[in-house]
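Novice: Can you keep this structure in mind? I'll have questions shortly.
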Amino acid sequence: MNAAAHLVEFGTKLAPLTSIASGLRELRNGVDILAAGRQVASGLMHPVGLAEGVFDRFVHKRASLNDPDKTILGCVVEQPLNPESRIRLSGRKDRFDSPLPEIDWRIDEAEFRTARRFREIMLAEFLRLGMEAPDAPDWASLGLQGWRDSLTDLAHPMCTTRMSDDPQTGVIDANCMVHGVEGLYIAGSSVFSTPGHMNPTQMIVALALRLADHLHAKLLKVRAPAKPITFHPKIRIGIVGAGDRIKRIYIPALKATSDRIEVVGVTSRNLSTAQKLANETGWTAYPDPARMLEEGAPDLVLASVSPHANDGTYKQLLALNRPLLLETPFCWSLRAGRKLLRRIRAIKENVGVAEQFPYTPLAQLQKKVIDLGCIGVPEAAVNQFLDYDYHGMARLRAALGRSDDVITVSATRIVLDTSRGRGSRVWDDATFKYRSGSVLKHQFSPGNDVAVTRGPTGFYVYGSEGSLTDATLLFSEGEGRTLSKEVQRIEQYGRLQELTVDTQLGPVVWKNPFIHHDLDDEQIAVASLVLRMAEAVSYGGSCAYDATDALFDLEMLAAMRASQERAGQQVRIGISPVWEKGRKVLRAMLLRR
59 MNAAAHLVEF
69 GTKLAPLTSI
79 ASGLRELRNG
89 VDILAAGRQV
99 ASGLMHPVGL
109 AEGVFDRFVH
119 KRASLNDPDK
129 TILGCVVEQP
139 LNPESRIRLS
149 GRKDRFDSPL
159 PEIDWRIDEA
169 EFRTARRFRE
179 IMLAEFLRLG
189 MEAPDAPDWA
199 SLGLQGWRDS
209 LTDLAHPMCT
219 TRMSDDPQTG
229 VIDANCMVHG
239 VEGLYIAGSS
249 VFSTPGHMNP
259 TQMIVALALR
269 LADHLHAKLL
279 KVRAPAKPIT
289 FHPKIRIGIV
299 GAGDRIKRIY
309 IPALKATSDR
319 IEVVGVTSRN
329 LSTAQKLANE
339 TGWTAYPDPA
349 RMLEEGAPDL
359 VLASVSPHAN
369 DGTYKQLLAL
379 NRPLLLETPF
389 CWSLRAGRKL
399 LRRIRAIKEN
409 VGVAEQFPYT
419 PLAQLQKKVI
429 DLGCIGVPEA
439 AVNQFLDYDY
449 HGMARLRAAL
459 GRSDDVITVS
469 ATRIVLDTSR
479 GRGSRVWDDA
489 TFKYRSGSVL
499 KHQFSPGNDV
509 AVTRGPTGFY
519 VYGSEGSLTD
529 ATLLFSEGEG
539 RTLSKEVQRI
549 EQYGRLQELT
559 VDTQLGPVVW
569 KNPFIHHDLD
579 DEQIAVASLV
589 LRMAEAVSYG
599 GSCAYDATDA
609 LFDLEMLAAM
619 RASQERAGQQ
629 VRIGISPVWE
639 KGRKVLRAML
649 LRR
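Right under this line is the structure:
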């Protein structure tokens with residue numbers, strides 16, 4: 059379920075800068091001059107804290123933080139709808155002889171697991187940031203009942219008079235009027251059909267304003283004017299590239315997202331190739347990206363060119379000043395990639411990368427299982443000869459979370475048959491370590507001679523309470539028992555409908571959003587990325603996989619290569635390409651001697 063953290067401070071002591079500012083305001087307003095003077099003097103008596111506050115406020119442009127005696131880190135947890143949770147009339151009466159309500163509030167395993175998982179995530183984040191972890195709450199070791207006993211209900215009860223078109227399933231109709239009681243209206247969080255996990259005040263106010271408009275129109279016996287629905291127009295996409303990947307992957311993906319996306323044209327280094335593709339698709343061919351930008355006016359440019367042209371092409375496309383969706387790899391040269399990322403940040407453009415491996419149907423189902431806490435805290439992920447280098451990095455990091463920092467790697471390159479050189483008999487074996495202590499294991503063979511060089515392939519994630527593979531989920535059932543569940547792939551007429559796996563929380567399901575289109579798993583992943591990028595452009599959000607993520611995958615690979623050159627020595631992520639090149643030259647010179 060969803061959850062959110064909130065901080066509650068007790069015994070707050072004002073920061074010196076805040077104390078001085080507060081005192082000066084009171085002096086200016088003529089309010090208790092003596093007390094105001096004490097506040098100013100109090101701030102001046104702490105010169106170090108005052109200097110820190112001035113630096114924060116006027117250099118970093120951020121607020122000067124106060125210093126509380128105690129801070130409680132609270133957790134607000136969403137609740138699933140439970141028909142057993144009810145409000146009834148009790149046998150007790152008030153002073154007017156009316157029956158008092160009786161609340162039967164049920165709190166179950168799902169909420170407890172959410173709170174426990176949320177605590178695990180927060181502790182991992184404190185560790186990653188190098189901060190002192192908060193004291194463990196009493197309920198952490200008491201189980202479900204102990205947690206129930208420690209709960210505090212603060213505010214915002216919801217869903218007690220739910221909105222529904224059917225009186226059998228709700229109390230009020232769409233206009234907030236109680237079913238069957240003309241003129242009786244309810245406006246508040248009680249009318250929500252489902253609960254949330256944070257403050258609902260904005261929605262309450264919106265509902266109240268909506269009801270006010272309805273009543274105003276009804277009292278004046280005038281039909282309330284229909285408010286126009288704002289439809290975001292289709293995102294206009296320009297294509298750079300007309301090769302096999304555009305034809306094989308992107309054209310089916312773009313057709314599946316045509317309700318949100320319109321292709322305005324295509325351009326390629328070879329105009330005849332672009333024209334041929336335009337004839338097949340009905341698009342417009344342009345001689346270059348600049349002409350496509352001028353005449354086609356795309357909102358977003360999608361680039362899929364020959365991989366070895368990426369470094370030069372992507373640099374040129376940034377000059378278009380348009381959001382970009384770039385094919386992998388983001389770069390071949392680390393220096394070029396770092397320079398490109400600096401430029402992206404400088405112009406503040408939205409640049410996504412079409413890294414599809416974390417967004418295949420199976421990867422998305424696995425991420426749901428992990429995020430729900432079905433295997434506890436994820437501690438290790440292993441790519442065993444399954445996903446290619448930077449794709450493997452992306453999927454590994456997605457499984458354990460991209461918010462944590464991968465800091466070091468130890469790697470070796472195993473040559474099984476030196477007579478065959480760097481071909482199919484070369485194995486890469488790398489272990490990446492997170493700041494939190496979690497581990498990524500990457501094994502891959504650059505060659506394609508699968509039968510000779512490697513055994514079964516697979517992708518595995520191990521957690522504190524279970525593990526998962528591409529086909530199964532293993533989790534603890536309590537009392538030392540382990541339960542194994544197979545991932546079910548449901549298809550109809552050759553089209554993927556959904557993936558599902560049974561867990562201790564019930565079935566976890568991934569549903570295909572492109573169910574009416576003939577897409578394979580890779581096309582589904584790319585369609586998901588394209589649609590997410592279009593939504594980011596339309597609504598000003600973030601793309602699914604951005605340039606920072608993509609470059610970090612390549613930083614990890616570069617550090618892996620550097621560790622291999624050092625015979626497995628631990629290397630930090632973020633190597634210097636110039637230093638590494640100089641080191642290789644020096645080593646070669648020494649070997650020749």
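Using the numbering used here, read the sequence shown as starting at 59 and increasing by one per residue. Virtual Cβ for every residue (Gly too), placed ideally from N, Cα, C.
#1: Using only alpha-carbon positions, find the residue among Arg-393, Ala-121, Val-321 that is nearest to Thr-339.
#2: According to DSSP, which residues form a beta bridge with Trp-568?
#3: Please name the residue in Ile-548, Gly-101, Glu-136, Ala-198 whose C-alpha comes closest to that of Asn-124.
#4: Taking 7 Å as the cut-off, is the beta-carbon of Lys-334 closer than that to any non-hydrogen atom of the ligand MG?
#5: With a threshold of 16 other CB atoms inside 10 Å of the CB of Gly-299, please say whether the residue is buried or exposed.
#6: Do you know whose CA, among Arg-220, Arg-174, Leu-209, Met-180, lies nearest Ala-198's CA?
#7: State the CB to CB distance for the pair Ala-585 and Ala-311, rounded to an integer number of angstroms; the pair is presumed to be in contact (CB under 8 Å).
#8: With a threshold of 16 other CB atoms inside 10 Å of the CB of Val-566, please say whether the residue is buried or exposed.
#9: Taking only three categories from DSSP, how would you classify Lys-406?
#10: So what does DSSP say about Glu-580, is it helix, strand or coil?
#11: Return the CA-CA distance between Gly-599 and Glu-593, expressed in angstroms with no decimal places.
#12: So, are the CB atoms of Ser-148 and Glu-160 less than 8 Å apart?
#13: Pairs of beta-carbons, one from the region 97 to 117 and one from the region 177 to 190, closer than 8 Å: are there three or more?
#14: I need the DSSP call for Ala-262, collapsed to helix, strand or coil.
#15: Are the CB atoms of Val-66 and His-255 within a distance shorter than 8 Å?
#16: Looking at the strands, I want to know which residues DSSP matches up with Phe-533.
#17: Relative to the C-alpha of Gln-546, which residue among Pro-419, Ser-330, Gln-562 is closest?
#18: Using 8 Å as the threshold, is the C-beta distance between Val-249 and Arg-268 below it?
#19: For the beta strand (DSSP E) that contains His-214, what are its first and last residues?
#20: Pick helix, strand or coil for Asn-441, following the three-state DSSP scheme.
#21: Leu-85 and Val-112: beta carbons closer than 8 Å?
#22: Return helix, strand or coil for Ile-91, following the three-state DSSP convention.
#23: Quick one: residues in its chain with C-beta nearer than 6 Å to the C-beta of Thr-288, no 5 flanking neighbours on either side, listed in chain order?
#24: Would you say Ile-402 and Ala-605 are within 8 Å of each other, going by their C-beta atoms?
#25: Judging by CA-CA distance, which residue of Arg-144, Thr-129, Ala-73, Arg-83 is the nearest neighbour of Asp-114?
#26: Thinking just about the alpha-carbon of each residue, which of Ser-534, Ile-573, Leu-358, Asp-207 is nearest to the one in Thr-561?
#27: Against chain B, with Cβ distances strictly below 8 Å, would Leu-269 count as a contact?
#28: Are the region 618 to 630 and the region 455 to 468 in contact at 8 Å, needing three or more beta carbon pairs?
#29: Identify which residue in Gly-524, Met-647, Phe-517, Asp-162 has its Cα closest to the Cα of Gly-450.
#30: Tell me which residue opens and which closes the beta strand (DSSP E) that Tyr-492 is part of.
#31: Count the CB pairs spanning the region 380 to 389 and the region 409 to 417 that are closer than 8 Å, and state whether there are at least three.
#32: Short of 8 Å in beta carbon distance, which residues of its chain neighbour Gly-552, apart from the five on each side in sequence? Order them along the chain.
#33: Whose C-beta lies closer than 7 Å to the C-beta of Glu-638 among residues of the same chain, with five residues either side of it excluded?
#34: With a 10 Å radius around its C-beta and 16 neighbouring C-beta atoms as the bar for buried, classify Pro-514 as buried or exposed.
#35: Which of the three DSSP states is assigned to Met-235 in this structure?
#36: For Ile-633, does the three-state DSSP call read helix, strand or coil?
Specialist: Reading from the atomic positions:
#1: Looking up residue 339 in the sequence shown gives position 281. For the residues Arg-393, Ala-121, Val-321, the minimum Cα distance to Thr-339 belongs to Val-321.
#2: Position 510 of the sequence shown holds residue 568. Looking at the DSSP assignment, Trp-568 forms a beta bridge with Leu-557.
#3: Residue mapping note: residue 124 aligns to position 66 of the sequence shown, counting from 1. Residue nearest to Asn-124 within the set Ile-548, Gly-101, Glu-136, Ala-198 is Gly-101 (criterion: CA-CA distance).
#4: Judged by which ligands are present, the structure shown has none, so any question about the ligand MG falls away.
#5: As a first step, residue 299 must be located in the sequence shown, where it is residue number 241. Classification for Gly-299: buried.
#6: Along the sequence shown, read from residue 1 onward, the residue named residue 198 stands at position 140. Across the set Arg-220, Arg-174, Leu-209, Met-180, the C-alpha of Arg-174 shows the shortest separation from the C-alpha of Ala-198.
#7: Your numbering for residue 585 matches position 527 in the sequence shown. Your numbering for residue 311 matches position 253 in the sequence shown. With a Cβ gap of about 4 Å, Ala-585 and Ala-311 count as contacting.
#8: If you number the sequence shown from 1, residue 566 lands on position 508. Under this definition Val-566 is a buried residue.
#9: Here residue 406 corresponds to residue number 348 of the sequence shown, with the count starting at 1. Shown here, Lys-406 sits in coil according to DSSP, grouped into three states, outside any helix or strand.
#10: Locating residue 580 in the sequence shown gives position 522, counting from the first residue. It is helical.
#11: The sequence position of residue 599 within the sequence shown is 541, counting from 1. The sequence position of residue 593 within the sequence shown is 535, counting from 1. One alpha carbon belongs to Gly-599, the other to Glu-593, and they sit about 7 Å apart.
#12: Along the sequence shown, one-based indexing puts residue 148 at 90. Along the sequence shown, one-based indexing puts residue 160 at 102. Going by C-beta atoms, Ser-148 is nearer than 8 Å to Glu-160.
#13: Because the criterion of three Cβ pairs below 8 Å is not met, the region 97 to 117 and the region 177 to 190 do not touch.
#14: Counting from one through the sequence shown, the residue named residue 262 turns up at place 204. In the sequence under discussion, the amino acid at residue 262 is Ile, which differs from the Ala named in the question. Residue state, collapsed to three classes: helix.
#15: The count along the sequence shown starts at 1 and reaches residue 255 at position 197. The count along the sequence shown starts at 1 and reaches residue 66 at position 8. Between His-255 and Val-66, the C-beta gap is not smaller than 8 Å, which leaves the two residues out of contact.
#16: Taking the first residue of the sequence shown as position 1, residue 533 is located at position 475. According to DSSP, which records beta bridges pairwise, Phe-533 is partnered with Gly-524, Leu-541.
#17: Here residue 546 corresponds to residue number 488 of the sequence shown, with the count starting at 1. Considering only alpha carbons, the answer is Pro-419.
#18: For this step, residue 249 is matched to residue 191 along the sequence shown. For this step, residue 268 is matched to residue 210 along the sequence shown. No.
#19: Stepping through the sequence shown from its first residue, residue 214 is reached at position 156. In the DSSP assignment, His-214 falls outside any beta strand (DSSP E) and carries neither an H nor an E.
#20: On the sequence shown, residue 441 is found 383 positions in, with the first residue counted as 1. Strand at Asn-441.
#21: Residue 85 sits at position 27 when you count from the first residue of the sequence shown. Residue 112 sits at position 54 when you count from the first residue of the sequence shown. The beta carbons of Leu-85 and Val-112 sit no closer together than 8 Å.
#22: As a working note, residue 91 is residue 33 in the sequence shown. In the three-state reduction of the DSSP assignment, Ile-91 falls in the helix class, which pools H, G and I.
#23: Stepping through the sequence shown from its first residue, residue 288 is reached at position 230. Any reading at Thr-288 must be qualified, since the residue scores a pLDDT of 47, below 50, and its modelled position is unreliable; the value itself is stated next. Closer than 6 Å at Cβ, skipping near neighbours: no residue.
#24: Stepping through the sequence shown from its first residue, residue 402 is reached at position 344. Stepping through the sequence shown from its first residue, residue 605 is reached at position 547. Taking 8 Å as the Cβ cut-off, Ile-402 and Ala-605 qualify as a contacting pair.
#25: Counted from its first residue, the sequence shown places residue 114 at position 56. Comparing alpha carbon positions, the residue from Arg-144, Thr-129, Ala-73, Arg-83 closest to Asp-114 is Ala-73.
#26: If you number the sequence shown from 1, residue 561 lands on position 503. Ranking Ser-534, Ile-573, Leu-358, Asp-207 by CA distance to the CA of Thr-561 puts Ser-534 first.
#27: In the structure shown, chain B cannot be found, because there is only a single protein chain.
#28: The answer is yes - the region 455 to 468 touches the region 618 to 630, with three or more Cβ pairs under 8 Å.
#29: As a first step, residue 450 must be located in the sequence shown, where it is residue number 392. Relative to Gly-450, the option among Gly-524, Met-647, Phe-517, Asp-162 whose CA is nearest is Phe-517.
#30: Residue 492 sits at position 434 when you count from the first residue of the sequence shown. Residues 484 to 492.
#31: Per the Cβ contact rule, the region 380 to 389 is in contact with the region 409 to 417 (3 or more Cβ pairs under 8 Å).
#32: Numbered from 1 along the sequence shown, position 494 holds the residue referred to as residue 552. Closer than 8 Å at Cβ, skipping near neighbours: Asp-576.
#33: Looking up residue 638 in the sequence shown gives position 580. Close CB contacts of Glu-638 within its chain, under the 7 Å cut and outside five residues either way in sequence, are with Ala-620 (chain order).
#34: To locate residue 514, count along the sequence shown from 1; it is residue 456. Exposed, because fewer than 16 other Cβ atoms sit within 10 Å of the Cβ of Pro-514.
#35: The residue given as residue 235 occupies position 177 in the sequence shown. For Met-235, the secondary structure class from DSSP, reduced to helix, strand or coil, is strand.
#36: Within the sequence shown, residue 633 is the residue found at index 575, counting from 1. If DSSP states are grouped into helix, strand and coil, Ile-633 belongs with coil.
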